[in-house]
Ligand code: NAD
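In the UniProt record's numbering, the protein residues as written are 1 to 252.
Written out as structure tokens, the structure reads:
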């Protein structure tokens, strides 16, 4: 039974894995047997060291996911280094906070480009390669509680993450016939850089914690099992679904 979760011989691309959830997911995939190609705009030395410690293989492509040349660079580097691709984790993401009334075009465009546009075009390049290989492929997008809820003071983030939920469904519909499963993970409130401002705001932090049935902020380790499941043969008949990993937040 556990063989279904085994990722040995598979190659996974993980965007934004120098820290946070991306780092946790890259390490989880390595521990399940995969080789990892990181896509980072910041130095991923810490991740490389953790993967080495786990006896895994890791190469990094230094790139901004919002750059339109990145998908081709990433795919050709993955093929040069490891000869194939099997898994794509679209994790890189940014957030900008401001009242909707004052929100700038720059904060709108930058977030949409990183969180949504880049996910589409990297997925497209990945799918072309998987179809060429004639193999199975698994794409896991990183959504958010704001794929389901409105949030406040984060208009471009909410728009991008709500878009991720829809895009996950559309790509699943088109590519299931090609053996490519497209799903998403919607993390709840996780203790990473992304939520530092929230956690530093005492009243918002207490409000959030009070609503999480599990009674704690999530950690990168909490997405390890879900990402291995959605990257493996164990989820072969799961298509277009966004799985909340939220300590029960949405159940409230
Ligand atoms: P984080 O800020 O620690 O990590 C974000 C990662 O994305 C970093 O590695 C960063 O370098 C990378 N990145 C950002 N812009 C990039 C670009 N243009 N090119 C390449 N890499 C880029 O935050 P995190 O919490 O680990 O976030 C990971 C993902 O999880 C994001 O998509 C985020 O929106 C999502 N998420 C986080 C939470 C949370 O509570 N922390 C909740 C829901 C969703």
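All C-beta atoms, glycine included, are put in the ideal place defined by N, C-alpha and C.
Distance, residue j Cα to residue i Cα
i           : j           : result
residue 227 : residue 132 : 24 angstroms
residue 160 : residue 231 : 23 angstroms
residue 59  : residue 180 : 24 angstroms
residue 249 : residue 73  : 38 angstroms
residue 2   : residue 32  : 10 angstroms
residue 201 : residue 102 : 21 angstroms
residue 178 : residue 171 : 11 angstroms
residue 294 : residue 26  : The structure shown does not extend to residue 294, since the chain spans only 1 to 252, so no value can be given for it.
residue 28  : residue 218 : 16 angstroms
residue 152 : residue 242 : 22 angstroms
residue 197 : residue 19  : 17 angstroms
residue 183 : residue 239 : 6 angstroms
residue 55  : residue 96  : 37 angstroms
residue 208 : residue 189 : 8 angstroms
residue 14  : residue 169 : 20 angstroms
Secondary structure of residue i, DSSP reduced to three states
i           : result
residue 146 : helix
residue 242 : strand
residue 184 : strand
residue 218 : strand
residue 65  : coil
residue 179 : coil
residue 190 : strand
residue 24  : helix
residue 230 : helix
residue 103 : coil
residue 71  : helix
residue 1   : coil
residue 155 : helix
Burial state of residue i (16 or more Cβ within 10 Å)
i           : result
residue 215 : exposed
residue 147 : buried
residue 42  : exposed
residue 23  : buried
residue 235 : buried
residue 244 : buried
residue 186 : buried
residue 203 : exposed
residue 225 : exposed
residue 222 : buried
residue 92  : buried
residue 69  : exposed
For residue i, the residue or residues it bridges with in DSSP
i           : result
residue 15  : 39
residue 137 : 180
residue 30  : According to DSSP, residue 30 bridges with nothing at all.
residue 111 : According to DSSP, residue 111 bridges with nothing at all.
residue 58  : 36
residue 89  : 14, 140
C-beta atoms of residue i and residue j nearer than 8 angstroms
i           : j           : result
residue 105 : residue 94  : no
residue 11  : residue 84  : yes
residue 30  : residue 63  : no
residue 113 : residue 78  : no
residue 144 : residue 88  : no
residue 126 : residue 167 : no
residue 7   : residue 34  : yes
residue 21  : residue 191 : no
residue 107 : residue 98  : yes
Residue i: CB within 7 angstroms of a non-hydrogen atom of the ligand COA
i          : result
residue 17 : The model depicted lacks the ligand COA and carries the ligand NAD instead.
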